[in-house]
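Asker: Structure provided below as structure tokens; questions to follow.
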Amino acid sequence: MIFPMLHVFLALIASPLLLSVINRTKAFFGGRTGAPILQPYLDIAKLLRKGTVYSRTTTWIFRAAPSVELASVMAALAVTPLGAIPALLPFQGDLVFLAYSLGLMRFFTVSAALDTGSAFCGMGASREVQFSALAEVALLVGLAAAACLFRVFSLTDICRQAWAAGPVSWEGGGTLLLVAASFLVVLLAENSRIPVDDPNTHLELTMIHEVMILDHGGPDLAFIEYAAALKFWILGSLLVSLALPLRFADPLPDLAAGLIGLFFLAVTVGVIESVMARLKLVRVPQLLVVAGVLSFLALFDVMR
Amino acid sequence: MQSFLDILMILLVLLNFRLLGASQLGTCVHSVAFQAVIIGLLALLPHGLAPSWTWLMVGAVTLVKAVVLPGLVRRAMRETGVMQELEPFLGYTVSVILGVGLLAASFLVARPLRVPAGGMTQVLVPVTIFTMLTGLYLIIARRKAITQVLGFLVMENSIYLFGVAFAVEESWLVQAGVLLDVFAAVFVMGIMIYHINREFDNIDTDRLSDLKD
Amino acid sequence: MIWALILIPTLAGAAAFMVPSGRFVRVLLPVSAAAHFGMVMAAWTLPLPFSAAFDWLAADALSLLFLSVASGLFLAVAIYAIFYLGPSRKRPIKDYLEGYQFADRSDSVFVGCLLLFLAAMTVVCLARHMGVLWVAVEATTLASAPLIYHHRHHRSLEAAWKYLLICSVGISLALLGNFFLAVSTAAASAQGREMSLLTPLLMKNAALLSPEWLKAAFLLMLVGYGTKMGLAPMHSWLPDAHSEAPSPVSALLSGALLNCAFLAILRMQALMEAAGLGAFGRERLIFFGLLSMAWAAMLLVSQTDYKRMLAYSSVEHVGVMAVGVGLGGIAAVGALFHAVNHSLVKAALFLAAGNILAAMRSKDIHDVGGLLKALPASGALWIAGLFAVTGSPPFGLFSSELLILKGALLSGRFVVTGIYLAALALAFAAILRVALKTAYGSPRAAEAGPGGSGRETFFAVAAPAALLTGVLILGLWLPPALWRLLGEAAAALGGSF
Chain A
1 MIFPMLHVFL
11 ALIASPLLLS
21 VINRTKAFFG
31 GRTGAPILQP
41 YLDIAKLLRK
51 GTVYSRTTTW
61 IFRAAPSVEL
71 ASVMAALAVT
81 PLGAIPALLP
91 FQGDLVFLAY
101 SLGLMRFFTV
111 SAALDTGSAF
121 CGMGASREVQ
131 FSALAEVALL
141 VGLAAAACLF
151 RVFSLTDICR
161 QAWAAGPVSW
171 EGGGTLLLVA
181 ASFLVVLLAE
191 NSRIPVDDPN
201 THLELTMIHE
211 VMILDHGGPD
221 LAFIEYAAAL
231 KFWILGSLLV
241 SLALPLRFAD
251 PLPDLAAGLI
261 GLFFLAVTVG
271 VIESVMARLK
281 LVRVPQLLVV
291 AGVLSFLALF
301 DVMR
Chain B
1001 MQSFLDILMI
1011 LLVLLNFRLL
1021 GASQLGTCVH
1031 SVAFQAVIIG
1041 LLALLPHGLA
1051 PSWTWLMVGA
1061 VTLVKAVVLP
1071 GLVRRAMRET
1081 GVMQELEPFL
1091 GYTVSVILGV
1101 GLLAASFLVA
1111 RPLRVPAGGM
1121 TQVLVPVTIF
1131 TMLTGLYLII
1141 ARRKAITQVL
1151 GFLVMENSIY
1161 LFGVAFAVEE
1171 SWLVQAGVLL
1181 DVFAAVFVMG
1191 IMIYHINREF
1201 DNIDTDRLSD
1211 LKD
Chain C
2001 MIWALILIPT
2011 LAGAAAFMVP
2021 SGRFVRVLLP
2031 VSAAAHFGMV
2041 MAAWTLPLPF
2051 SAAFDWLAAD
2061 ALSLLFLSVA
2071 SGLFLAVAIY
2081 AIFYLGPSRK
2091 RPIKDYLEGY
2101 QFADRSDSVF
2111 VGCLLLFLAA
2121 MTVVCLARHM
2131 GVLWVAVEAT
2141 TLASAPLIYH
2151 HRHHRSLEAA
2161 WKYLLICSVG
2171 ISLALLGNFF
2181 LAVSTAAASA
2191 QGREMSLLTP
2201 LLMKNAALLS
2211 PEWLKAAFLL
2221 MLVGYGTKMG
2231 LAPMHSWLPD
2241 AHSEAPSPVS
2251 ALLSGALLNC
2261 AFLAILRMQA
2271 LMEAAGLGAF
2281 GRERLIFFGL
2291 LSMAWAAMLL
2301 VSQTDYKRML
2311 AYSSVEHVGV
2321 MAVGVGLGGI
2331 AAVGALFHAV
2341 NHSLVKAALF
2351 LAAGNILAAM
2361 RSKDIHDVGG
2371 LLKALPASGA
2381 LWIAGLFAVT
2391 GSPPFGLFSS
2401 ELLILKGALL
2411 SGRFVVTGIY
2421 LAALALAFAA
2431 ILRVALKTAY
2441 GSPRAAEAGP
2451 GGSGRETFFA
2461 VAAPAALLTG
2471 VLILGLWLPP
2481 ALWRLLGEAA
2491 AALGGSF
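Protein chains in written order, with this note's numbering: chain A, 1 to 304; chain B, 1001 to 1213; chain C, 2001 to 2497.
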């Protein structure tokens, strides 16, 4: 029990750090020093100190959304394992729970964006829904493939077995590799990273995620930023658990390996963001469909 | 060994999706050639390919399929000055999504067909069927005559895949005849494309629509 | 002997390619056709199997039946082609639809391809190895595609492209079917039996074949060879190719090529029978057959192009054959008999249509009228042929269609019988409408226009007349040798008297 709690605790503490790692990697590739490693924390602290301003056109949905988002992402964190470290509250079928928690989070982000009545927010909401409809298929089908592979129906069990087997050593072939490749695309899309969305863009027309939260401020924005960091941690843990062929008998090195994997993932994302340009918006669905295809392929490979 | 085989199969399927989603003619030609190479690699796996002439045979076929036929297609492309864009009847994303459906159908159809014991993976059957369906789809849903030839080559690849995996013990003369026929078919198609291009000033097959009821 | 059958047309074809045009090829064609036909006829008297090469080629009853039809048709077409390839055809021809000039390809290419086509068909008929059979069927496609593009204009090019592509695709499916068949033998080889795709070996060990793979192989081959045979819905190339090809080629495509593809399906069906899966194959054959009949009958009604009408009639008759084999029993005998009759009559019709086209320069039914007055001989043949092709009494098709009907009633398949009769009746009405319109009526585009030759040569009438006489004779009196052969051939398909 101590290690699951430790994992959740670490996630709550260290998730903004991952974003910082990504930024530092990009800064390194760009030949810059980059922001201090603790900059995300400073940002959140600054936002928490500020007051909020609400537009008169908004309703309670706009006010409730940040809290609901943070709550749902924390609920998802409760069922997220990291490699051999079980989740805090694992149960049969929690992979569906995970997908729906993230879906609830997105629903409120989108609703709040629509609630503002701003044209830009509405545009961002429309794109977010379009892309996530495809990404969700890839995520769910990929999870289904992994579940079929090990004949278990809980994220904790899936990740423990995948961690034990590893994609290369597992003799059935590349199923896990396919799912991992698919999840990498999902991770990039869901967290608004570069081939899909540019987190640093300053032009509203090209934004997806950032444009939806334009009207939030103060603690609300801090909640949203923090929830986004946690979401990255959650999807990252899943990816690391499925893709990393490491196994120690002892939970402590397991946890350490998982954390190292997560930070390695953050560096990878940073590298991807540095070497790739953003895709044209019309190409994004194709990328996501390809992710879906990978997931489906994995599923068929298991079920043949 | 089995996992190596699986990875080759998965690569083949992914190449099919690349064919379905590709917007450039060059990409398609590459993918078709690459498929042939992968299938040639399959033959290297030890599963009773004892006689050395079989190796020669497979090597020759792979050479023809991976180098000569794509070369012919490229030549036809160059000589007819065809545009690189594919101009599909159905969009690329839709094609890929339909491809998932085709893949599912292939796995369903292949269920009752159990491969006989002897080292070959069960995935081979659905992959063969899926590759065949991809070829058919390319023939139906793309506009240019060259794409239809490519679709035909993809179909041939699927047959070749199955042939390499199972039917190698069939007499070499038949294999040679098969190869010759495919070669001749592509050759004749190349000539026809040349004529079509000359007659119509382009090779869009939707111009070929005078004859209908 | 078998080698000679194959080598004569092959070498003659090669020679035609070598020698640039002129009188030589026009003589070469009928001479080699006659030699081929003579040898096939000689084969009737020799004991079967009369020869074999590597076990791969040999004649059985089915081979002999289809080979005789193909060879006889080829002879008729070769005689007709003497007229068709006359020197008068060398100048550019004015297209009757759009009015531009086009030229034909050279005679030597035409004759060369025709002869290679004959060689390929001979191999199809004689093949005893499924792989060789496949290679030969594919070779027929490749040899006949240039024939369809003999008139160099864009419609014939379109037809040739469709033909080549659709048939190649179909044939690839059939090849996959062959490989599936090879896999189905794995269990038998595992028991130490010597296995290959030789049909006698397959038939002997049919019970050991894996039923799932055999079924899949049958389906693939049915669809694959069915494409080539013109079964609906894979028939889409057929009307185009038949209507745009030169008439002698249309006659061969319809009369001989469709039979070759049918033969390939029959071989597979025989194997299914031997493996105890005959019912599975028969049901599929009935389905595709009825579909073809109904589809073609409906399209026949609204046809205004008489060569296309003939093509759809071919689709319909192919359907009749498939239904006949599917019903089994006496109907299977009827189906084989029907294949013979249909080949003869359809070839005669296409040749007569060639005469009409040459004279009237139009393929539109409305432009062609008063044939009995304008072209007495060809017109009479045309009308008689149309009556024959609908299955009217004095001709052979009446007997064969009746045999199939009898089989259908005997097996108690009343729904099948109903659809069969309805499609035949519809086709009858549609074709008779054309017959009446073209026989009487006023020749609108008559006086033959500037391009028409306007008179009929002896050879151009003799060839279709001979074929039609053959059908008439078969309708009145069936030679016992043929009857015996039909029975033998149908026996493997579960057919009996």
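All C-beta atoms, glycine included, are put in the ideal place defined by N, C-alpha and C.
Taking buried to mean at least 16 other C-beta atoms within 10 Å of its own C-beta, is residue 2302 of chain C buried or exposed?
Answerer: For the purposes of this step, residue 2302 of chain C is taken as residue 302 along the third sequence, with counting starting at 1. By the neighbour-count rule (16 or more Cβ atoms within 10 Å), residue 2302 of chain C is not buried but exposed.
Asker: What first and last residue would you give for the alpha helix (DSSP H) that runs through residue 2268 of chain C?
Answerer: Looking up residue 2268 of chain C in the third sequence gives position 268. 2258-2274 is the span of the alpha helix (DSSP H), which, as asked, contains residue 2268 of chain C.
Asker: With a Cβ-Cβ cutoff of 8 Å, do residue 310 of chain A and residue 66 of chain A count as a contact?
Answerer: A question about residue 310 of chain A goes unanswered here, because the residues of chain A that appear run from 1 up to 304.
Asker: Following the continuous alpha helix (DSSP H) through residue 2036 of chain C, name the residue where it begins and the one where it ends.
Answerer: Residue numbering aside, residue 2036 of chain C sits at position 36 when the third sequence is read from its first letter. Taken as a continuous stretch (DSSP letters only), the alpha helix (DSSP H) holding residue 2036 of chain C covers 2023-2045.
Asker: Taking residue 2212 of chain C as part of the alpha helix (DSSP H), name the residues at either end of that continuous run.
Answerer: Sequence index remark: in the third sequence, residue 2212 of chain C carries index 212 (1-based). Where residue 2212 of chain C is concerned, the enclosing alpha helix (DSSP H) stretches over 2211-2229.
Asker: Sort A/217, A/257, A/294 and A/285 by Cα distance to residue 85 of chain A and report the nearest one.
Answerer: Locating residue 85 of chain A in the first sequence gives position 85, where the first residue counts as 1. For residue 85 of chain A, the nearest C-alpha among the options comes from A/257.
Asker: Identify every residue that forms a DSSP beta bridge with residue 2480 of chain C.
Answerer: For the purposes of this step, residue 2480 of chain C is taken as the residue at position 480 of the third sequence. Bridge partners of residue 2480 of chain C: none, in fact.
Asker: Hey, how far is the Cα of residue 2382 of chain C from the Cα of residue 1090 of chain B?
Answerer: Taking the first residue of the third sequence as 1, we reach residue 2382 of chain C at position 382. Taking the first residue of the second sequence as 1, we reach residue 1090 of chain B at position 90. Their Cα atoms are separated by approximately 46 Å.
Asker: Can you check whether the CB of residue 2263 of chain C is closer than 8 Å to the CB of residue 2124 of chain C?
Answerer: Taking the third sequence and counting its residues from 1, the one referred to as residue 2124 of chain C is at position 124. Taking the third sequence and counting its residues from 1, the one referred to as residue 2263 of chain C is at position 263. In contact: residue 2124 of chain C and residue 2263 of chain C (Cβ atoms closer than 8 Å).
Asker: Would you call the stretch 16-35 of chain A in contact with the stretch 270-280 of chain A, where contact means no fewer than 3 C-beta pairs closer than 8 Å?
Answerer: The stretch 16-35 of chain A vs the stretch 270-280 of chain A: in contact.
Asker: Can you tell me the Cβ-Cβ gap for residue 1086 of chain B and residue 1023 of chain B, rounded? I've got them flagged as a contact below 8 Å.
Answerer: In the second sequence, residue 1086 of chain B corresponds to position 86, counting from 1. In the second sequence, residue 1023 of chain B corresponds to position 23, counting from 1. That belief holds up - the Cβ atoms of residue 1086 of chain B and residue 1023 of chain B are roughly 6 Å apart, short of 8 Å.
Asker: Spell out the partners DSSP gives residue 2127 of chain C in its beta bridges.
Answerer: Stepping through the third sequence from its first residue, residue 2127 of chain C is reached at position 127. BP columns for residue 2127 of chain C point to C/2057.
Asker: From residue 2446 of chain C to residue 2252 of chain C, what distance separates their C-alpha atoms?
Answerer: As a position in the third sequence, residue 2446 of chain C is number 446, starting the count at 1. As a position in the third sequence, residue 2252 of chain C is number 252, starting the count at 1. Because the pLDDT at residue 2446 of chain C is just 47, under 50, the model does not fix this residue reliably, and the value given afterwards should be weighed accordingly. Answer to the nearest angstrom: the Cα atoms are 28 Å apart.
Asker: Taking the alpha-carbon positions, what's the residue 2463 of chain C to residue 2036 of chain C distance?
Answerer: Against the third sequence, residue 2463 of chain C aligns to sequence position 463. Against the third sequence, residue 2036 of chain C aligns to sequence position 36. The alpha-carbon atoms of residue 2463 of chain C and residue 2036 of chain C are separated by roughly 17 Å.
Asker: Can you pull the chain C neighbours of residue 1195 of chain B, defined as C-beta to C-beta under 8 Å?
Answerer: On the second sequence, residue 1195 of chain B is found 195 positions in, with the first residue counted as 1. Neighbours of residue 1195 of chain B on chain C, chain order: 2149 and 2157.
Asker: Cα separation between residue 14 of chain A and residue 234 of chain A?
Answerer: Against the first sequence, residue 14 of chain A aligns to sequence position 14. Against the first sequence, residue 234 of chain A aligns to sequence position 234. Residue 14 of chain A and residue 234 of chain A: Cα-Cα distance of roughly 12 Å.
Asker: Flag residue 998 of chain B as yes if its beta-carbon sits less than 8 Å from any beta-carbon of chain A, otherwise no.
Answerer: Any question about residue 998 of chain B goes unanswered here, given that chain B covers just 1001 to 1213.
Asker: Compute the Euclidean distance between the alpha carbons of residue 109 of chain A and residue 69 of chain A, then round it to the nearest angstrom.
Answerer: Residue 109 of chain A sits at position 109 when you count from the first residue of the first sequence. Residue 69 of chain A sits at position 69 when you count from the first residue of the first sequence. C-alpha separation (whole angstroms): 7 Å.
Asker: Have a look at A/298, A/267 and A/302 and flag the residue whose alpha-carbon is nearest the alpha-carbon of residue 25 of chain A.
Answerer: Here residue 25 of chain A refers to the residue found at position 25 when the first sequence is read from its first residue. When only C-alpha atoms are compared, the closest one is A/267.
Asker: Within the same chain, show all residues whose beta-carbon is closer than 8 Å to that of residue 188 of chain A, passing over the 5 residues directly before and after it, in chain order.
Answerer: Position 188 of the first sequence, counted from the first residue, corresponds to residue 188 of chain A. Here the set comprises 194, 195, 196, 269 and 272.
Asker: Using a Cβ-Cβ distance under 8 Å, would residue 1115 of chain B count as near chain A?
Answerer: Numbered from 1 along the second sequence, position 115 holds the residue referred to as residue 1115 of chain B. Closer than 8 Å: no.
Asker: With a CB to CB cut of under 7 Å and the five nearest residues on each side skipped, what residues in its chain are close to residue 181 of chain A?
Answerer: Counting from one through the first sequence, the residue named residue 181 of chain A turns up at place 181. Closer than 7 Å at Cβ, skipping near neighbours: 294.
Asker: Can you grab the Cα-Cα spacing for the pair residue 2321 of chain C / residue 2065 of chain C, in whole Å?
Answerer: The residue labelled residue 2321 of chain C in the question sits at position 321 within the third sequence. The residue labelled residue 2065 of chain C in the question sits at position 65 within the third sequence. Each residue's Cα considered, the two are about 15 Å apart.
Asker: Taking just the CA atoms, how far does residue 2245 of chain C sit from residue 2149 of chain C?
Answerer: Your numbering for residue 2149 of chain C matches position 149 in the third sequence. Your numbering for residue 2245 of chain C matches position 245 in the third sequence. Answer to the nearest angstrom: the Cα atoms are 7 Å apart.
Asker: Can you tell which of A/51, A/224 and A/81 has its C-alpha closest to the C-alpha of residue 4 of chain A?
Answerer: Residue 4 of chain A sits at position 4 when you count from the first residue of the first sequence. The shortest C-alpha separation from residue 4 of chain A is found at A/81.
Asker: For a cutoff of 8 Å on Cβ pairs, would you count residue 289 of chain A as touching chain B?
Answerer: Translated into the one-based positions of the first sequence, residue 289 of chain A becomes position 289. Chain B contact via Cβ: present.
Asker: Mind reading off the beta-carbon distance from residue 1188 of chain B to residue 2164 of chain C? Whole number of angstroms is fine, and I expect it under 8 Å.
Answerer: Position 188 of the second sequence, counted from the start, is the residue given in the question as residue 1188 of chain B. Position 164 of the third sequence, counted from the start, is the residue given in the question as residue 2164 of chain C. Confirmed, Cβ separation roughly 6 Å.
Asker: Within the 8 Å Cβ cut-off, does residue 2183 of chain C reach chain B?
Answerer: Position 183 of the third sequence, counted from the first residue, corresponds to residue 2183 of chain C. Yes - at least one Cβ of chain B is within 8 Å of the one on residue 2183 of chain C.
Asker: State yes or no: is the beta carbon of residue 2283 of chain C nearer than 8 Å to at least one beta carbon in chain D?
Answerer: The question asks about chain D, but that chain is absent: this structure's protein chains are A, B and C.
Asker: For the stretch 1095-1115 of chain B against the stretch 1143-1159 of chain B, do three or more pairs of beta-carbon atoms, one drawn from each stretch, fall closer than 8 Å, so that the two count as touching?
Answerer: Flag = no, the stretch 1095-1115 of chain B and the stretch 1143-1159 of chain B do not touch.
Asker: Rounded to whole angstroms, what is the Cα-Cα separation between residue 1027 of chain B and residue 1019 of chain B?
Answerer: Along the second sequence, one-based indexing puts residue 1027 of chain B at 27. Along the second sequence, one-based indexing puts residue 1019 of chain B at 19. Going by the C-alpha atoms only, they are around 8 Å apart.
Asker: Is the stretch 1058-1078 of chain B touching the stretch 1029-1039 of chain B in the sense that three or more CB pairs, one from each, lie closer than 8 Å?
Answerer: Touching, yes, given that three or more Cβ pairs across the two stretches are closer than 8 Å.
Asker: Does the Cβ of residue 119 of chain A have 16 or more other Cβ atoms within 10 Å, making it buried, or fewer, making it exposed?
Answerer: Taking the first residue of the first sequence as 1, we reach residue 119 of chain A at position 119. It is exposed - the Cβ of residue 119 of chain A has fewer than 16 other Cβ atoms within 10 Å.
Asker: Shortest alpha-carbon distance to residue 54 of chain A belongs to which of A/231, A/139, A/116 and A/211?
Answerer: The sequence position of residue 54 of chain A within the first sequence is 54, counting from 1. The shortest C-alpha separation from residue 54 of chain A is found at A/116.
Asker: For residue 2489 of chain C, which residues from the same chain have a beta carbon less than 6 Å from its beta carbon, with the 5 sequence-adjacent residues on both sides left out?
Answerer: Walking along the third sequence from the start, residue 2489 of chain C turns up at place 489. Taken in chain order, the residues that qualify are 2061, 2062, 2065 and 2336.
Asker: For residue 2269 of chain C, count neighbouring Cβ atoms within 10 angstroms of its own Cβ and tell me buried if that reaches 16, exposed if not.
Answerer: Sequence index remark: in the third sequence, residue 2269 of chain C carries index 269 (1-based). Residue 2269 of chain C is buried by the Cβ-count criterion.
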